[in-house]
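Visitor: Chains as they are written, first to last, in this note's numbering: chain A, 173 to 395; chain B, 173 to 395.
Number of protein chains: 2
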Amino acid sequence: MRILVIEDETKVGCFIKRALDEESYAVDLCEDGAKGLQMALNTNYDLLIVDLMLPSLSGLEILKGVRQARIQTPILILTAQSQVDQRVKGLDAGADDYLTKPFAIDELLARIRALLRRGSTESPGVLQIDDLALNPATREVTRGGQRIELTLKEYALLEYLMRHTGRVLTRPMISEHVWNQDFDTFTNVIDVYVNYLRNKIDRGRSKKLIHTIRGSGYMLKAD
Amino acid sequence: MRILVIEDETKVGCFIKRALDEESYAVDLCEDGAKGLQMALNTNYDLLIVDLMLPSLSGLEILKGVRQARIQTPILILTAQSQVDQRVKGLDAGADDYLTKPFAIDELLARIRALLRRGSTESPGVLQIDDLALNPATREVTRGGQRIELTLKEYALLEYLMRHTGRVLTRPMISEHVWNQDFDTFTNVIDVYVNYLRNKIDRGRSKKLIHTIRGSGYMLKAD
DNA sequence: GTCTTCAATGACTAGAATGCGCATAGTTGT
DNA sequence: ACAACTATGCGCATTCTAGTCATTGAAGAC
Numbered sequence: 173m174r175i176l177v178i179e180d181e182t183k184v185g186c187f188i189k190r191a192l193d194e195e196s197y198a199v200d201l202c203e204d205g206a207k208g209l210q211m212a213l214n215t216n217y218d219l220l221i222v223d224l225m226l227p228s229l230s231g232l233e234i235l236k237g238v239r240q241a242r243i244q245t246p247i248l249i250l251t252a253q254s255q256v257d258q259r260v261k262g263l264d265a266g267a268d269d270y271l272t273k274p275f276a277i278d279e280l281l282a283r284i285r286a287l288l289r290r291g292s293t294e295s296p297g298v299l300q301i302d303d304l305a306l307n308p309a310t311r312e313v314t315r316g317g318q319r320i321e322l323t324l325k326e327y328a329l330l331e332y333l334m335r336h337t338g339r340v341l342t343r344p345m346i347s348e349h350v351w352n353q354d355f356d357t358f359t360n361v362i363d364v365y366v367n368y369l370r371n372k373i374d375r376g377r378s379k380k381l382i383h384t385i386r387g388s389g390y391m392l393k394a395d
Numbered sequence: 173m174r175i176l177v178i179e180d181e182t183k184v185g186c187f188i189k190r191a192l193d194e195e196s197y198a199v200d201l202c203e204d205g206a207k208g209l210q211m212a213l214n215t216n217y218d219l220l221i222v223d224l225m226l227p228s229l230s231g232l233e234i235l236k237g238v239r240q241a242r243i244q245t246p247i248l249i250l251t252a253q254s255q256v257d258q259r260v261k262g263l264d265a266g267a268d269d270y271l272t273k274p275f276a277i278d279e280l281l282a283r284i285r286a287l288l289r290r291g292s293t294e295s296p297g298v299l300q301i302d303d304l305a306l307n308p309a310t311r312e313v314t315r316g317g318q319r320i321e322l323t324l325k326e327y328a329l330l331e332y333l334m335r336h337t338g339r340v341l342t343r344p345m346i347s348e349h350v351w352n353q354d355f356d357t358f359t360n361v362i363d364v365y366v367n368y369l370r371n372k373i374d375r376g377r378s379k380k381l382i383h384t385i386r387g388s389g390y391m392l393k394a395d
C-alpha cells in the first residue's frame with residue numbers, strides 16, 4: 173500500500189512517516205504543495221495525507237486539483253484545532269476524512285485502515301470470504317480453519333481475487349495486477365494458476381468459491 | 173436520501189433530526205439499540221448515524237451486526253470526547269467516519285455530504301428498467317429480484333439495449349456495438365439473439381420489455 | 001368499407017461449427 | 001526439488017447458419 177504525505181512541518185512529517193514505515197506501508201514524504209500535487213497526479217497512490225496549511229499551494233487547492241483529475245484516491249486532511257470552517261470546506265472539496273493536530277498516532281493509523289479498507293470492500297486486516305481467510309500480514313491462508321500452503325504466484329492471485337470479491341475479473345485485469353505486464357493472448361498461465369488454486373481451495377468442498385464467467389473471466393464469490 | 177439515527181439522548185437525537193429534516197433528508201430516529209439494529213437490517217438506508225454509548229445494545233454491536241449482514245451502508249458514529257479507543261475500535265469494526273460530541277451541526281452536515289457522495293460514486297453502474305436490473309460490475313442480471321443467467325453475447329446485447337432504453341435500435345447499430353463489425357444483411361444472428369433474450373427475460377411475464385419496431389429494429393421500453 | 005391475397009418481415013428451431021476453458025504433461029529456470 | 005510457465009488435446013457451452021413457420025400490413029377485388 174502506497175501513501176503520499178504532504179506536510180511542510182518537517183517534525184510532523186517525519187513522525188508520520190516513521191509510524192507508517194513501521195506498519196510497512198510504502199511512504200513518500202513531500203514538504204512542498206506544488207510538488208506534492210504533481211506527485212499525486214503522476215503516481216498511483218492508495219492514500220493521500222495532506223496538511224491544509226502549506227506554503228506554496230494550499231491543501232485545498234491540492235484537493236481540488238486531484239479531484240479535478242478524476243482521481244478517486246482517498247484523501248485525509250490534517251488541520252489545526254481552530255480551523256473548523258477549513259475542514260468543512262475540505263470535506264466538501266472531496267476529502268474523505270480529516271484529523272486535527274495534535275493527534276494520537278493510533279488514531280491516525282485507525283483512520284488510515286478505515287480509508288484503505290473502504291477502497292476495496294474487505295474486512296479489516298484479514299480478508300475473509302465464507303470460511304476462506306487470508307491474512308496479508310502473515311501471508312497465511314486458511315479454509316475452514318485448515319491451513320493452506322500457496323506459492324508466491326498462487327498467493328498473489330488469491331489476494332487479488334479476494335480484494336475484489338463478487339466482481340468479474342477479466343484476464344487482462346488479472347494479468348496487470350498479478351503479473352504486472354500487458355496481457356499476452358497466447359498464454360494460458362492465468363488459467364493454469366486458477367486451476368492450481370481450485371485444487372487447493374475448492375477441490376473436495378461442496379461450496380465452490382472460484383467461479384468462471386465464460387467469455388469474461390473469473391469471480392470469487394460465496395454463493 | 174434516507175438516514176437512520178440511533179441515539180438515546182432525546183435532546184441530541186431531536187437536534188440532529190431537526191437539522192437533517194431542514195436539509196430535506198428522510199430521517200428515522202430510534203432511541204433503542206436493539207430496535208435500531210432491526211431497523212437498519214430491514215430498511216434500506218443510505219446512511220446510519222449511531223451513538224456508541226447506548227443502553228440496550230452498544231453501538232459497536234450494532235456496527236458488527238450490520239456489517240455481518242453484508243450491508244455496506246456508510247456508518248457515522250458519535251462518541252464522547254474522551255472515548256478515543258472506542259472510536260478506534262469503531263473504525264476498525266467497519267464504521268466509515270466518526271464525530272465527537274459536542275459537534276457543530278455544520279460539521280455533521282459536511283460529513284454526511286461526504287459520505288453520501290462517496291456511496292454514489294462507488295456504484296455508478298446498475299442499469300434498471302422496470303423490475304429488470306443489470307449490474308455491469310458483477311455482470312449480474314435480475315428481473316423481479318430473480319437471477320437470470322446470460323451468455324456473453326446475450327449479456328452484451330442486453331447491456332446495449334439497456335443503455336439506450338426507449339430508443340429504436342436498428343440492426344446495423346446493434347451489429348456495430350455488440351458484434352463490432354459491419355452489418356451483413358445475409359445473417360439473422362441478431363434476430364436469433366433477441367429471441368434468446370426474450371425467452372429469458374420476457375417469456376411468461378405480463379409486462380414485455382423487448383419490443384420489435386417492424387421495418388426498423390428493436391427497442392427496450394417499460395411500457 | 002371489408003375481405004382476400006400475398007409478399008415482406010420477423011419468430012422460432014435444430015443442428016453444425018467454433019472456440020473457450022480445463023486438465024495434464026512437458027519444459028525451463030532457480 | 002520446486003515454482004513458473006508452455007504446449008496440447010479434449011469436451012462442451014456458446015455462437016451461428018440455415019431453414020421453416022408465423023405475423024404483419026398494403027394492394028386489389030368486390
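Idealized CB from N, CA, C, for every residue including glycine. The structure displayed is predicted, hence computed values, not measured ones.
Could you give the C-beta distance for A:I249 and A:R259, rounded to a whole number, given that I count them as a contact under 8 Å?
Guide: In the first sequence, residue 249 of chain A corresponds to position 77, counting from 1. In the first sequence, residue 259 of chain A corresponds to position 87, counting from 1. Indeed they touch by this definition, with Cβ atoms about 7 Å apart.
Visitor: In three-state DSSP terms, what is A:G389?
Guide: On the first sequence, residue 389 of chain A is found 217 positions in, with the first residue counted as 1. If DSSP states are grouped into helix, strand and coil, A:G389 belongs with the strands.
Visitor: Please classify B:I362 as buried or exposed, where buried requires at least 16 neighbouring CB atoms within 10 angstroms.
Guide: Your numbering for residue 362 of chain B matches position 190 in the second sequence. Buried is the call here.
Visitor: I believe B:V177 touches B:D200 by the beta-carbon criterion, under 8 Å. Please report the beta-carbon distance rounded to the nearest angstrom.
Guide: On the second sequence, position 5 is the one that residue 177 of chain B refers to. On the second sequence, position 28 is the one that residue 200 of chain B refers to. By a beta-carbon distance limit of 8 Å, B:V177 contacts B:D200. Their separation comes to about 7 Å.
Visitor: If we define contact as Cβ-Cβ less than 7 Å, is A:V222 a contact residue for chain B?
Guide: In the first sequence, counting from the first residue as 1, residue 222 of chain A sits at position 50. Cβ-Cβ to chain B under 7 Å: no for A:V222.
Visitor: If you count every other CB in all the chains shown that lies within 10 Å of the CB of A:E179, and 16 or more means buried, which is it?
Guide: Start at 1 with the first residue of the first sequence, and residue 179 of chain A comes out as number 7. Under this definition A:E179 is a buried residue.
Visitor: Beta-carbon separation of B:I385 and B:D374 under 7 Å?
Guide: For the purposes of this step, residue 385 of chain B is taken as residue 213 along the second sequence, with counting starting at 1. For the purposes of this step, residue 374 of chain B is taken as residue 202 along the second sequence, with counting starting at 1. No, these two residues do not count as a Cβ contact at 7 Å.
Visitor: Tell me, please, which residues DSSP counts as bridged to B:V222.
Guide: The count along the second sequence starts at 1 and reaches residue 222 of chain B at position 50. Looking at the DSSP assignment, B:V222 forms a beta bridge with B:I178, B:I249.
Visitor: Between A:T293 and the rest of its own chain, which residues show a CB-CB distance below 6 Å, the 5 nearest in sequence each way excluded?
Guide: The count along the first sequence starts at 1 and reaches residue 293 of chain A at position 121. Only weak support exists for where A:T293 lies, its pLDDT of 38 falling under 50; the coordinates are left without a value.
Visitor: Are the C-beta of A:L263 and some C-beta of chain B separated by less than 7 Å?
Guide: Start at 1 with the first residue of the first sequence, and residue 263 of chain A comes out as number 91. Interface criterion met: the Cβ of A:L263 is under 7 Å from a Cβ in chain B.
Visitor: If we count Cβ pairs, one from each stretch, closer than 8 Å, do we get three or more for the stretch 365 to 380 of chain A versus the stretch 300 to 313 of chain B?
Guide: no
Visitor: Distance check for A:V364 and A:A206, CA to CA, integer angstroms please.
Guide: Start at 1 with the first residue of the first sequence, and residue 206 of chain A comes out as number 34. Start at 1 with the first residue of the first sequence, and residue 364 of chain A comes out as number 192. The straight-line gap from Cα to Cα measures roughly 46 Å.
Visitor: In this structure, does DSSP put B:M173 in helix, strand or coil?
Guide: Taking the first residue of the second sequence as 1, we reach residue 173 of chain B at position 1. DSSP places B:M173 in coil when its eight states are reduced to three.
Visitor: Could you spell out the range, first to last residue, of the alpha helix (DSSP H) harbouring A:K261?
Guide: Reading the first sequence from its first residue, position 89 is the one you call residue 261 of chain A. It spans 256 to 264 - the alpha helix (DSSP H) in which A:K261 sits, taken as one unbroken run.
Visitor: Looking only at C-alpha atoms, which of A:K393, A:G185, A:C202 sits nearest to A:L299?
Guide: Looking up residue 299 of chain A in the first sequence gives position 127. Ranked by Cα distance from A:L299, the first of A:K393, A:G185, A:C202 is A:K393.
Visitor: Alpha helix (DSSP H) containing B:L232: first to last residue?
Guide: In the second sequence, residue 232 of chain B corresponds to position 60, counting from 1. Note, B:L232: alpha helix (DSSP H), 231 to 240.
Visitor: Which of the three DSSP states, helix, strand or coil, is assigned to A:R315?
Guide: To locate residue 315 of chain A, count along the first sequence from 1; it is residue 143. DSSP places A:R315 in strand when its eight states are reduced to three.
Visitor: Secondary structure at A:P296, three-state DSSP: helix, strand or coil?
Guide: Numbered from its first residue, the first sequence carries residue 296 of chain A at position 124. With a pLDDT of 44 at A:P296, under the threshold of 50, the modelled position of this residue cannot be trusted; read the value that follows with caution. Correct three-state label for A:P296: coil.
Visitor: Could you tell me which chain A residues have their CB closer than 9 Å to the CB of B:A305, listed as they occur along the chain?
Guide: Counted from its first residue, the second sequence places residue 305 of chain B at position 133. In chain order: nothing, as chain A lies at least about 15 Å away.
Visitor: Residues in the same chain with beta-carbon distance under 8 Å from A:R319, minus the five sequence neighbours each way, listed in chain order, please.
Guide: One-based indexing of the first sequence puts residue 319 of chain A at position 147. Correct list, in chain order: E312, V313.
Visitor: If B:I188 and B:L287 are in contact, beta carbons under 8 Å, what's the gap, nearest whole angstrom?
Guide: Against the second sequence, residue 188 of chain B aligns to sequence position 16. Against the second sequence, residue 287 of chain B aligns to sequence position 115. Going by Cβ atoms, the distance from B:I188 to B:L287 rounds to 14 Å, so no, they are not a contact pair.
Visitor: So, at 8 Å on beta carbons, what are the nonlocal neighbours of A:L213 in its own chain, with the 5 sequence-adjacent residues on each side left out?
Guide: Counted from its first residue, the first sequence places residue 213 of chain A at position 41. Non-local beta-carbon contacts of A:L213 in its own chain, meaning distances under 8 Å to residues more than five positions away in sequence, involve G237, V238, A241, I243 in chain order.
Visitor: Return the chain-ordered list of same chain residues with a C-beta closer than 6 Å to the C-beta of B:A252, the five sequence neighbours on each side being excluded.
Guide: In the second sequence, the residue the question calls residue 252 of chain B occupies position 80. Hits under 6 Å: K273.
Visitor: How long is the line joining the alpha carbons of A:G387 and A:L333, rounded to whole angstroms?
Guide: Residue 387 of chain A sits at position 215 when you count from the first residue of the first sequence. Residue 333 of chain A sits at position 161 when you count from the first residue of the first sequence. When rounded, the distance between both Cα atoms is 18 Å.
Visitor: Looking at the secondary structure, which residues open and close the beta strand (DSSP E) in which B:D268 lies?
Guide: Reading the second sequence from its first residue, position 96 is the one you call residue 268 of chain B. First-last for B:D268: undefined, no H or E at that position.
Visitor: What's the gap between the Cα of A:L209 and the Cα of B:G266?
Guide: The residue labelled residue 209 of chain A in the question sits at position 37 within the first sequence. The residue labelled residue 266 of chain B in the question sits at position 94 within the second sequence. Distance between the alpha carbons of A:L209 and B:G266: 30 Å.
Visitor: Go through its chain and collect everything with a Cβ distance to B:K261's Cβ below 8 Å, but skip five positions before and after it.
Guide: Start at 1 with the first residue of the second sequence, and residue 261 of chain B comes out as number 89. Excluding positions up to five away in sequence, the list reads L232.
Visitor: Measure the C-alpha to C-alpha separation of A:V256 and A:G389 and round it to an integer number of angstroms.
Guide: Indexing the first sequence from 1 puts residue 256 of chain A at position 84. Indexing the first sequence from 1 puts residue 389 of chain A at position 217. Rounded to the nearest angstrom, the two C-alpha atoms are 48 Å apart.
Visitor: Kindly indicate if chain A contains any beta-carbon less than 7 Å away from that of B:T310.
Guide: Here the question's residue 310 of chain B lines up with position 138 in the second sequence. By this cut-off, B:T310 is an interface position.
Visitor: Compute the Euclidean distance between the alpha carbons of B:L341 and A:P344, then round it to the nearest angstrom.
Guide: As a first step, residue 341 of chain B is located in the second sequence; it is residue number 169 there, counting from the start. As a first step, residue 344 of chain A is located in the first sequence; it is residue number 172 there, counting from the start. The alpha-carbon atoms of B:L341 and A:P344 are separated by roughly 31 Å.
Visitor: In the DSSP assignment, the alpha helix (DSSP H) including A:N367 goes from what residue to what residue?
Guide: One-based indexing of the first sequence puts residue 367 of chain A at position 195. Run containing A:N367: 361 to 373, per the alpha helix (DSSP H) assignment.
Visitor: Determine, using beta carbons only, whether B:L324 comes closer than 7 Å to chain A.
Guide: Position 152 of the second sequence, counted from the first residue, corresponds to residue 324 of chain B. It does: the Cβ of B:L324 has a partner Cβ on chain A nearer than 7 Å.
Visitor: Can you find a CB in chain B that lies within less than 7 Å of the CB of A:V298?
Guide: One-based indexing of the first sequence puts residue 298 of chain A at position 126. At a cut-off of 7 Å, the C-beta of A:V298 has no neighbouring C-beta in chain B.
Visitor: Check whether the Cβ atoms of B:L219 and B:I277 lie closer than 7 Å to each other.
Guide: Indexing the second sequence from 1 puts residue 219 of chain B at position 47. Indexing the second sequence from 1 puts residue 277 of chain B at position 105. Taking 7 Å as the Cβ cut-off, B:L219 and B:I277 do not qualify as a contacting pair.
Visitor: DSSP three-state label for B:R190, please.
Guide: Translated into the one-based positions of the second sequence, residue 190 of chain B becomes position 18. Looking at B:R190 - three-state DSSP - the assignment turns out to be helix.
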